[in-house]
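Working notes, beginning with the structure itself.
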Amino acid sequence: MRPTIEGGRMEVTPKKFGKKLKAFRKKTGMTQPQLAKTSGVATSIVNDVENGIRIAGTDTLDKIAKGLKLTEKDRFLFLLDGLRLSKRDFLIPDFKEYPPEILNFLPFALLRSGINSSDVSSIALPGGKTKNLQVQLKTGKVFSLEIRLSPTKTAPS
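Quick note on our numbering: the sequence shown kicks off at 1102 and runs consecutively.
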């Protein structure tokens, strides 16, 4: 299983993921058919995901998240949980067009620092009190990663 996000969050199972979706839906006051219509998916998909019967692909989960009008962070975390359960998807739909160099940079940076995927216990995303991405290892050590984008005057050759 992939490491957890936001250290201390629950391990994702189809049932727990379904309960999370149901809580989001109830918060909006929508019924399953209303959410399905707003999202452009079948009611049976919303029902099955909520009941932990199946997990939808990230494209479908993204439609549902947008139908729920989730904040960007909630949508991101919702889709990450969906990725943990997926047997076929490895990327959030928004990121599919990025070049492989960008998608593989963080694992590359971690490996260059001697951190293997099996060493990672949890990851805390920036936000709130946390300004940087924090990677906690199974040994208990925590590393903070700051990525800063700055425009350059010339393009690399």
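Where is the CB? At the ideal position from N, CA and C, for every residue including glycine.
Starting from residue i, trace the alpha helix (DSSP H) in both directions and tell me its first and last residue.
i, result
"residue 1186", "1173–1186"
"residue 1169", "Here residue 1169 belongs to no alpha helix (DSSP H), and DSSP marks it neither H nor E."
"residue 1147", "1144–1151"
"residue 1213", "1206–1213"
"residue 1134", "1133–1140"
"residue 1155", "Unbroken run through residue 1155: none, as it is neither H nor E."
"residue 1119", "1115–1129"
Pop quiz: residue i and residue j are said to be a contact at Cβ under 8 Å. What is the actual Cβ separation, rounded to whole angstroms?
i, j, result
"residue 1141", "residue 1189", "The Cβ separation is near 20 Å, so there is no contact."
"residue 1224", "residue 1236", "6 Å"
"residue 1207", "residue 1196", "So it is not a contact: roughly 12 Å between Cβ atoms."
Buried or exposed, going by whether 16 or more other CB atoms sit within 10 Å of the CB of residue i?
i, result
"residue 1168", "buried"
"residue 1146", "buried"
"residue 1229", "exposed"
"residue 1151", "buried"
"residue 1212", "exposed"
"residue 1250", "exposed"
"residue 1193", "buried"
"residue 1176", "buried"
"residue 1137", "buried"
"residue 1126", "buried"
"residue 1116", "exposed"
"residue 1154", "exposed"
"residue 1119", "buried"
"residue 1179", "buried"
"residue 1109", "Caution applies to residue 1109, whose pLDDT of 40 falls short of 50 and renders its modelled position unreliable; the value that the coordinates give is listed next. Exposed, because fewer than 16 other Cβ atoms sit within 10 Å of the Cβ of residue 1109."
Taking DSSP's pairing of strands, which residues face residue i in a bridge?
i, result
"residue 1245", "1235"
Discussion item. When you compare the segment 1183–1194 with the segment 1148–1165, are there three or more beta-carbon pairs, one atom per stretch, that lie closer than 8 Å?
Written reply: Counting Cβ pairs under 8 Å, three or more are found: they touch.
Worksheet item: Counting Cβ pairs closer than 8 Å, one from the segment 1235–1255 and one from the segment 1215–1223, do we hit at least three?
Response: Judged by Cβ distances under 8 Å, the segment 1235–1255 makes contact with the segment 1215–1223, as three or more pairs qualify.
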